[in-house]
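**Q**
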Amino acid sequence: MPTFQIIVCAGIVPEPLQTLEPVENAGKYALKNEAMLPMIIDPWGMHALYEAAHLSKTYPGSKIYLVVAAPKGKLQQVMMTIAQKVPFELIAIDTPAGGFTEAYEVAKALEQAIKSIPALDMSQTLLFGGWESASRCSGATMQMLGEMLGITEQFQGVDTLTVKEDGSFEIMERVEGGLHQKSTFDKLPAVLGWATGDLPEPPNNPQIGMMNMRGIMPSIMKAKKEDLPNEGIELKSCEVPKALRETKIVDNMTEEMIANEIFTWIKKD
Amino acid sequence: MERILCLLHTQSDGTLSQLALETLTVSSTTAAQLPDAVLLVGILGTATQQAATQIGSCGANQFFIAEDPALEKGSYHNDTNAAEAIAKAAQATIIFAPADSRFNRMISGMAIRLNGRADTHAVAVAADNGTLTISRWYYRQRIIAQQTRQQRPWVISIESDTAAPWKGDSKTVDATTVSFAVDANTKVIGTIAPENTVQTIKPDSPLLFVAGAGWCKKQSDGQTHLLEAESLILDFVNRSGASLGSSKSLVDQNSEGEAVLGCLTHMNQVGQTGSTPRHPKGLATCCHGEEPHTVGWRFITQRRAINTDANCGWARGKTDVLYVADAFKVMKILNDLLK
């Protein structure tokens, strides 16, 4: 039975219900009150972590490394919520938060962190992450990181990974029109940028939490600081779109009248 | 002097997609606006000469093609090898590419091979006073930024509806063939429709139908009506040809083991952690929620909603018309009209 070294890369993002407003400071943009916003692990990165946990459980002896680039203080809070779900070894990088950071520089920081993992066997390595973050939304970091590590089997928008009996891998990636593209490949390493997959959120397990926390705090304490200067890129403006519409509230029509009105609207060019 | 490469791929029938033609419009417009800029076109895939002929009168100074049966369907390794070879042969400083799933998979990796940088999902491109700027969304369509970059090559992927599709006469061109290494580790088997999601987001549909969590809630008789709800939704989608989207809360119920509509999965999810489809019209039913959930609406031009709550956050200020009504009853009549 094969074993895998699964490296999951993830950032942290504001909890989705928070109001987001950009602010400029010395020519750089950030979110207003960013330090105060409650944060979560990036949703697609989280799915990647659940998929890693599932794979690790199916193939005993496999190991999960969670590599997170985020501000130390925020990372500590976020770890409290996920540490009970999945067993992993945290590798923390102390970076600025936010979407207004450069994918290339984040990928560079991740590359250095991954190369510091002792006895990493690339022939057993699966590099997982979200296919996009919910902050920068570029879908660039994992591809760049893969290239920096010399990994040329890459898949984005992955919903399913199946390890076949002969040791090969089958991948389902999202493509246009609600379809999946099915591919196979024989050899690791590979990069998988996960979409949502189809696994539920694992339940909390206090024993996993206790085990994880023994490594999490030291990892956060010794996290290497990376400034991410956004070299060469300039944001000229940054704003919340004015999207408010004049909504006509219709509360005095029968169902028949409404259906007829919608029917006419649908049929009109 | 900028050397602007419009990087495209053929479809299975050897033609170029609408998004490819929109990207060509962006490329040629930018080349015309930047001083001394040169427009180049690169096409990878199969039947690339046919595709080059299709856009032969676009004004490009030079065409580059990379062709191999391995490029019929997109895979990271082969597409990146081919695109890298084209970009190097063209000595491109700015590369525009369509933001479709095939190029989204590899465009940023290609930028690394070129020692360049990538910015993806551009929704506007402008070249004022000799400076190229792009607009793109951050935080899942909640913040929009206008930005520029010094590094070259600068790889930019273009979202749909950024420009009108290029139109012009076909013309035979003398394209330069570029060679590249083909890898056989990844084998693309083909595309398949996911189980239970025959009805999902269809980009070419004129209408998006969004089903919200209210469809699974107890109705006025104190009972849930899941089978009826699923039947009404699928009847409507089948008869109207609409795309079927769903709110996150409804899809999450599936993962959490609650009563669900079998026709909906994460593939249908629109909004903050789903897709943000582009359709001329959108009809939301039984949806609720605030701004993060309504980003699924962002690129829907005409919007209407049916909801029993007149103060629904999904609808107020975000839809053009909110019908305060029982969606079960309205959709039943509407489906009869659509027969």
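Line by line, the protein sequences give chains A and B.
My numbering puts the first sequence at residues -14 to 254.
My numbering puts the second sequence at residues 154 to 492.
Quick reminder that beta carbons are idealized off the backbone N, C-alpha and C, glycines included.
All values derive from a computational prediction rather than experimental measurement.
#1: Note down the Cα distance separating residue 222 (chain A) from residue 178 (chain B), rounded to an integer number of angstroms.
#2: In or out: residue 177 (chain A) buried (at least 16 other Cβ within 10 Å) or exposed?
#3: With DSSP collapsed to three states, give me the class of residue 441 (chain B).
#4: Counting only beta-carbon separations shorter than 8 Å, does residue 107 (chain A) have a partner in chain B?
#5: Under DSSP, the beta strand (DSSP E) around residue 79 (chain A) begins and ends at which residues?
#6: Which of the three DSSP states is assigned to residue -9 (chain A) in this structure?
#7: Can you tell which of A:231, A:146, A:119 and A:154 has its C-alpha closest to the C-alpha of residue -1 (chain A)?
#8: Taking residue 285 (chain B) and residue 183 (chain B) to be in contact with their CB atoms under 8 Å, please state how far apart those CB atoms are, rounded to whole angstroms.
#9: How about residue 338 (chain B): is its C-beta nearer than 8 Å to some C-beta of chain A?
#10: What beta strand (DSSP E) runs, 3 residues minimum, are completely inside the stretch 228 to 258 of chain B?
#11: Please classify residue 417 (chain B) as buried or exposed, where buried requires at least 16 other C-beta atoms within 10 Å of its C-beta.
#12: Who are the Cβ neighbours of residue 228 (chain B) in its own chain at under 6 Å, not counting the five residues just before and after it?
#13: Look at residue 415 (chain B) and residue 381 (chain B) and say whether their C-beta atoms are less than 8 Å apart.
#14: Run down chain A in chain order and give the residues with a C-beta less than 7 Å from the C-beta of residue 301 (chain B).
#15: So, for residue 62 (chain A): in the same chain, excluding its five sequence neighbours on each side, which residues have a beta-carbon less than 7 Å away from its beta-carbon?
#16: So, with DSSP's three-state summary, where would you put residue 378 (chain B)?
#17: Does the beta-carbon distance from residue 205 (chain B) to residue 218 (chain B) come in below 8 Å?
#18: Along the chain, where does the beta strand (DSSP E) that runs through residue 224 (chain A) open and close?
#19: Quick check on the DSSP output: the beta strand (DSSP E) that includes residue 272 (chain B) runs from which residue to which?
#20: Could you have a look at residue 457 (chain B) and say whether DSSP puts it in helix, strand or coil?
#21: Between residue 305 (chain B) and residue 269 (chain B), what straight-line distance do the alpha-carbon atoms span, to the nearest angstrom?
#22: I need the boundaries of the alpha helix (DSSP H) containing residue 35 (chain A), first residue and last residue.
#23: Please confirm whether residue 151 (chain A) has its beta-carbon closer than 8 Å to some beta-carbon of chain D.
#24: Can you find the residues in the same chain that come closer than 8 Å, C-beta to C-beta, to residue 123 (chain A), ignoring five residues on each side of it along the sequence?
#25: What ranges does the beta strand (DSSP E) occupy inside the stretch 72 to 139 of chain A, keeping only unbroken runs of at least 3 residues that lie completely in it?
#26: My parser needs the alpha helix (DSSP H) runs of 4 or more residues fully inside the stretch 179 to 209 of chain B; what are they?
#27: Check each residue of the stretch 108 to 128 of chain A: if its Cβ is closer than 7 Å to any Cβ of chain B, include it; give the result in chain order.
#28: Residues of chain A with CB closer than 9 Å to the CB of residue 345 (chain B), please, in chain order.
#29: Mark residue 31 (chain A) as exposed unless 16 or more other C-beta atoms lie within 10 angstroms of its C-beta, in which case mark it buried.
#30: Could you pull out every residue in the same chain whose Cβ sits closer than 6 Å to the Cβ of residue 147 (chain A), ignoring the five residues on either side in sequence?
#31: In chain order, what residues of the stretch 19 to 46 of chain A put their CB closer than 8 Å to some CB of chain B?
#32: Please classify residue 345 (chain B): is it buried, with 16 or more other beta-carbons within 10 angstroms of its beta-carbon, or exposed?
#33: State buried or exposed for residue 399 (chain B), treating a residue as buried only when at least 16 other CB atoms are found within 10 Å of its CB.
#34: Using a C-beta to C-beta distance shorter than 7 Å, which residues of chain B count as neighbours of residue 5 (chain A)?
#35: Let's see if you can read the secondary structure: which residues bound the alpha helix (DSSP H) around residue 304 (chain B)?
#36: Counting along the chain, where does the beta strand (DSSP E) carrying residue 154 (chain A) start and finish?
**A** Reading off the structure:
#1: Between the alpha carbons of residue 222 (chain A) and residue 178 (chain B) lies a distance of about 25 Å.
#2: Under a 10 Å Cβ-count criterion, residue 177 (chain A) is classified as buried, with 16 or more other Cβ atoms of the shown protein chains found around its own Cβ.
#3: Annotated three-state conformation of residue 441 (chain B) is coil, per DSSP.
#4: No, because no Cβ of chain B sits closer than 8 Å to the Cβ of residue 107 (chain A).
#5: Where residue 79 (chain A) is concerned, the enclosing beta strand (DSSP E) stretches over 74 to 79.
#6: Residue -9 (chain A) falls in the strand class under three-state DSSP.
#7: The option with the nearest alpha carbon to residue -1 (chain A) is A:119.
#8: Residue 285 (chain B) to residue 183 (chain B), Cβ: 7 Å. Contact.
#9: Contacts with chain A at 8 Å (Cβ-Cβ) include residue 338 (chain B).
#10: Contiguous beta strand (DSSP E) elements confined to the stretch 228 to 258 of chain B occur at 247 to 251, taking only those with 3 or more residues.
#11: Classified as buried, residue 417 (chain B) has 16 or more neighbouring CB atoms from the shown chains inside 10 Å of its CB.
#12: For residue 228 (chain B), same chain residues with a beta-carbon under 6 Å away, outside a window of 5 residues either side, are 339 and 341 in chain order.
#13: Between residue 415 (chain B) and residue 381 (chain B), the gap from beta carbon to beta carbon reaches 8 Å or more.
#14: Close partners of residue 301 (chain B) in chain A (Cβ separation under 7 Å): 219 and 221.
#15: Hits under 7 Å: 24.
#16: Coil.
#17: Closer than 8 Å, so yes.
#18: According to the DSSP assignment, residue 224 (chain A) belongs to the beta strand (DSSP E) that extends over 218 to 224.
#19: Run containing residue 272 (chain B): 270 to 281, per the beta strand (DSSP E) assignment.
#20: If DSSP states are grouped into helix, strand and coil, residue 457 (chain B) belongs with the strands.
#21: Cα-Cα distance, rounded: 5 Å.
#22: Per DSSP, the continuous alpha helix (DSSP H) segment holding residue 35 (chain A) begins and ends at 28 to 43.
#23: No chain D is part of this structure, whose protein chains are labelled A and B.
#24: Taken in chain order, the residues that qualify are 88 and 117.
#25: You should have 74 to 79 and 110 to 115.
#26: Those alpha helix (DSSP H) runs which fall completely within the stretch 179 to 209 of chain B and span 4+ residues are 201 to 207.
#27: 119, 120, 121, 122, 123, 124, 125 and 128: these are the residues of the stretch 108 to 128 of chain A whose beta carbon lies less than 7 Å from some beta carbon of chain B, given in chain order.
#28: Taking a Cβ-Cβ cut-off of 9 Å, the neighbours of residue 345 (chain B) in chain A comprise 157, 164, 165, 166 and 167, given in sequence order.
#29: Answer is buried; the Cβ neighbour count reaches 16.
#30: Excluding residues within five positions, the ones whose Cβ falls inside 6 Å are 155.
#31: For the stretch 19 to 46 of chain A, the beta-carbon criterion of a distance under 8 Å to any beta-carbon of chain B is satisfied by 28 and 29.
#32: It counts as exposed.
#33: With a threshold of 16 other beta carbon atoms within 10 Å, residue 399 (chain B) meets it and is buried.
#34: Within chain B, 292, 295 and 296 have C-beta atoms less than 7 Å from the C-beta of residue 5 (chain A), given in sequence order.
#35: The continuous stretches of alpha helix (DSSP H) do not include residue 304 (chain B), and DSSP gives it neither H nor E.
#36: Here the beta strand (DSSP E) through residue 154 (chain A) covers 154 to 160.
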